[in-house]
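First residue of the sequence shown: 1, per the UniProt record's numbering; consecutive thereafter. The C-beta atom is built at its ideal place from N, Cα and C for all residues, glycine as well. Just so it is clear, the structure is predicted and the values come from calculations on it, not from any experiment. Data block below; observations after.
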Amino acid sequence: MNDATPFSGKVLHPVSYRNRAQHLTQTTENTDFNSFPGDGDVWLSTQEAVALLGVDKSTVKRRIDSGKLDARRVKGNGGWQYRIPLSSLPQEAKAKWILEKARQEVEKLGDSREWAERVNAEQRDIARKEAAAGKIPERVKLEPVPVNDEEAQELWDRYDRAPAGCKREAQERLKILRAYEDLEFQGTPKTEIAQLIRAEFGISGPTLWRLRELVKGQPRNVWLPLLMPKWKGRTAQAEFTEAAWEFIKEDWGRLSNPNIADCYRRAQKLARERGWVIPSLDTVERRINALPHWWRVARRQGLKALERIYPAQQRDYRGLKLHEIWCADGRKADVFCRWPDGTIGRPIIVAWIDVRTRVCLGFEIGKTESADLIRLAFKKAAETAKAIPEVVLMDNGRGFASKLLTGGVPNRYRFKVRDEDIPGIFPLMGIEVSWATPDHGQSKPIEPWWRIPAATDRRRECQGAYCGNHPDAKPEDCDPKNAIPIETYKVLLAEDIDAYHERAHRGDGMDGKSPRDVYTELLAYTPVRQPTATQLRLCLLAAEAMKPHREDGSFTVLGNRYWTEKCADLRRDRTYVLRFNPEDALQPIAVYDGEKFICDAPLIEKTGFRDQQAAKDHMRANRQFVKSKKQQAAAQQEMFRAENWLSKDEESIDTETGEIRGSGSGLPSPKVVVPLRPDVDYTKPQQEENDDEMSIEEFNRLLDEGMAQLAANQGD
């Protein structure tokens with residue numbers, strides 16, 4: 001509503017301030033205007049008349065000369081001047097002058113609310129003094145107090161909550177008051193105004209007076225809520241026993257969604273026994289409909305429907321980086337496919353997308369949603385993008401939560417992480433794992449992307465194999481016998497995904513560009529973590545934790561045995577992590593102690609029962625293994641003896657102090673020692689008595705040969 005005047009931000013009703021403006025004129029005419037005693041009019045200067053009439057000075061002088069405006073000449077500063085009476089100006093100029101003087105008065109007196117409260121307090125004080133003096137006080141009409149900002153806000157809040165009928169009535173009343181003001185500004189007498197208003201709007205004079213009293217002294221910006229009727233609607237209610245109402249409400253508010261009429265009949269049957277008073281069915285239904293919407297949704301549709309009442313979260317995708325978050329999920333296709341082995345079924349699609357750009361980085365199709373299928377899809381995405389993400393946002397199903405992928409990360413299936421758990425692929429790669437909320441598809445950004453595979457299922461090539469997206473939508477020509485080859489379905493899905501990457505996207509942060517364009521733009525300046533060959537190899541391998549065989553230290557994986565010489569060194573009571581390619585059993589398995597790589601163990605292939613050559617090869621390898629281990633054991637024993645100077649009676653000499661260890665004397669060592677000083681003159685040349693002594697290198701060589709010969713004799 002834009003009813004403000006050009007004179008002040010605080011809008012005032014011109015009629016309510018008319019008497020105050022006239023009083024101001026009478027008290028200030030001798031100072032602000034040249035007045036003539038006895039005429040009772042207000043005289044204006046030429047400049048003031050120009051401002052009120054909205055014309056230039058020459059036009060005002062022409063009107064004075066032509067007699068259209070009354071004027072008197074007075075002597076002023078610098079010569080003669082004109083003084084124009086206010087009564088000779090048009091009605092619009094008079095109203096403008098009144099409003100201007102009212103504004104000036106308010107500015108001089110301060111806030112209009114404070115002025116009204118002060119005037120009313122003075123009037124009440126005068127009345128109290130007259131009553132105390134024994135004089136009957138005259139009835140004084142108090143000035144209306146304008147509302148403040150808080151009261152105005154309360155009025156508008158009440159208007160917003162009011163019924164539509166009350167709002168329409170207030171708008172009609174505002175039209176009546178505006179028409180009254182227009183007629184009053186035109187100088188129309190009040191009696192004639194009342195007649196015109198009655199003829200136009202059909203209201204009487206007293207009703208018009210009551211409407212004016214509702215807004216008297218109030219700013220125009222609150223006229224509409226002040227004119228709204230205080231009708232509250234229906235308040236009386238039919239008699240209704242509280243117990244009967246609770247019975248009907250609880251009976252109706254069930255997830256089976258019973259009919260209100262059936263609940264009403266059951267309540268009537270009990271009413272005869274218990275003396276309940278129940279109104280008509282329409283009244284009961286009206287009270288049911290008046291219940292809060294959330295209550296009806298929670299009782300009739302369940303808590304999941306109640307959660308949907310709360311507005312969904314709006315996420316800002318612009319704050320994400322490229323390859324910061326990858327999201328994965330699985331979906332069962334609505335098409336029957338035939339695998340190379342002849343089996344027919346609906347394939348499972350597992351896909352990985354980049355959340356920022358909505359690009360599908362990789363997908364795999366399998367018969368079931370397994371950890372291996374998810375792993376292969378992730379490997380394909382990493383190879384295609386040549387990157388690994390910082391965070392993976394995944395579904396919380398069993399396949400995604402398997403230890404192969406997320407071992408070492410808590411989830412809703414394992415809240416505690418054990419030391420013997422298999423380290424998952426994602427923790428080993430330094431990828432943070434984030435779980436989607438259970439049974440809440442909105443928490444996975446990949447959900448809208450499934451429209452692409454859904455469109456692939458409806459292609460012409462899938463005609464007859466399409467089974468519908470729910471049981472009620474099953475086409476008439478659907479038959480598993482019409483299943484299409486799985487390779488054909490993969491080609492069709494890849495075509496639709498490529499077309500999706502080229503189409504404009506309306507999502508947040510996409511700016512109407514295609515996913516491929518956004519991906520290319522961000523890739524130009526975004527640092528990307530590239531996977532190494534070892535990390536990609538890790539994605540290819542499955543994992544299983546087991547202990548080695550107690551006798552030979554071998555491992556049995558998928559019915560096959562794997563072993564190498566290093567397996568013989570492993571502890572038999574310890575669990576090791578085996579990583580293997582489940583699609584190729586001929587490849588060696590990788591043995592890990594937690595995250596530490598130990599060795600690769602090749603497959604022990606089966607041989608024919610009467611294959612003598614294989615038996616000879618096996619025995620030869622067995623003898624070589626035993627012989628090498630015996631040699632290592634003997635060499636270690638001899639090395640120990642040499643390092644500790646062990647004699648035959650197992651006594652040893654400390655190489656630093658020369659003390660004999662293990663002699664069994666039990667005597668304490670001397671505390672004070674005197675160095676041995678032989679009586680030999682080292683300055684004189686001595687006879688070469690050590691010509692037959694060998695060098696240390698020769699001694700070590702002969703020692704090694706002797707130990708090798710000893711080990712060979714023991715082996716024979």
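Can you tell me where the alpha helix (DSSP H) with Thr46 in it begins and where it stops?
Thr46 to Leu53
Just list the residues that DSSP pairs Asp354 with in beta bridges.
Trp326
Any idea what DSSP makes of Glu29, helix, strand or coil?
Low local confidence applies: a pLDDT of 34 at Glu29 is under 50, so the model's placement there is unreliable, and no value is given.
Any chance the CB of Trp352 is under 7 Å from a heavy atom of the ligand SAH?
Ligands are entirely absent from the displayed structure, and the ligand SAH is therefore not among its contents.
With DSSP as the reference, label Trp563 as helix, strand or coil.
coil
Spatial neighbours of Thr191 within its chain, please: CB distance less than 8 Å, with the 5 preceding and 5 following residues excluded, ordered by chain position.
none
Beta-carbon within less than 6 Å of Val215's beta-carbon, same chain only, minus the 5 sequence neighbours each way: which residues are those?
Trp223 and Leu226
Glu521 in three-state terms, based on DSSP:
helix
Is the stretch 478-490 touching the stretch 321-332, taking contact as three or more C-beta pairs under 8 Å?
no
Out of curiosity, what's the CA-to-CA distance linking Met394 and Asp517?
25 Å
Compute the Euclidean distance between the alpha carbons of Thr437 and Pro163, then round it to the nearest angstrom.
42 Å
Expressed to the nearest angstrom, what Euclidean distance is found between the alpha-carbon atoms of Leu155 and Leu52?
35 Å
Nearest to Gln442 by alpha carbon, out of Arg458, Glu369, Gly594 and Ala312?
Ranking the options by Cα distance to Gln442, first place goes to Ala312.
Taking its Cβ as the centre, do 16 or more other Cβ atoms sit within 10 Å of Asp354, making it buried, or is it exposed?
buried
Work out the CA separation of Arg296 and Leu404 for me, nearest whole Å.
45 Å
Distance between Val55 and Pro37 (C-alpha atoms, nearest Å):
With a pLDDT of only 37 at Pro37, under 50, the local geometry of the prediction cannot be trusted, and no value is derived from it.
Flag Gly302 as yes if its beta-carbon sits less than 8 Å from any beta-carbon of chain C, otherwise no.
Judged by its chain identifiers, the structure shown contains no chain C, having just a single protein chain.
Are the beta-carbon atoms belonging to Tyr562 and Pro527 less than 8 Å from one another?
no
My output table needs one value for Ser669: the three-state DSSP class, helix, strand or coil.
Its pLDDT being 47, under 50, Ser669 is placed unreliably in this model, and the coordinates cannot settle the point.
Name, in chain order, the residues that DSSP records as bridge partners for Tyr82.
According to DSSP, Tyr82 bridges with Arg73.
Using CA coordinates, which residue listed in Leu558, His549, Thr556 and Pro588 is at the minimum distance from Asp569?
Nearest of Leu558, His549, Thr556 and Pro588 to Asp569, Cα basis: His549.
Under 8 Å: do the stretch 331-348 and the stretch 424-437 share three or more Cβ pairs, one atom per stretch?
no
Cβ neighbour criterion (16 or more within 10 Å) applied to Ala290
exposed
Tyr310 burial status per 10 Å Cβ neighbour count (16 or more: buried):
exposed
Per DSSP, Leu578 forms a beta bridge with which residues?
Glu544 and Val591
Measuring straight from C-alpha to C-alpha, what distance separates Ala401 and Asn411?
Looking at the two C-alpha atoms, the distance is approximately 7 Å.
Do you know how far the Cα of Gly512 is from the Cα of Arg451?
18 Å
Apart from the five residues just before and just after Ala71, which ones in its own chain have a Cβ nearer than 7 Å to its Cβ?
Ile64, Tyr82, Arg83 and Ile84
With a Cβ-Cβ cutoff of 8 Å, do Arg358 and Gly559 count as a contact?
no
Apply the 10 Å Cβ neighbour rule to Glu551 and answer buried if 16 or more other Cβ atoms are within range, or exposed otherwise.
exposed
Since I believe Glu544 is in contact with Pro423 (beta carbons under 8 Å), could you give me their beta-carbon distance rounded to a whole number of angstroms?
12 Å between Cβ atoms; not a contact.
Just verifying my parser: in three-state terms, what is the DSSP assignment at Glu705?
helix
Using the Cβ count rule (16 or more neighbours within 10 Å means buried), how would you classify His293?
exposed
Per DSSP, the bridge partner or partners of residue 747:
Because the chain spans 1 through 716 in this model, residue 747 falls outside it and cannot be assessed.
Chain-order list of residues whose beta-carbon lies under 7 Å from that of Phe597 (same chain, five-residue window excluded)
Ala590
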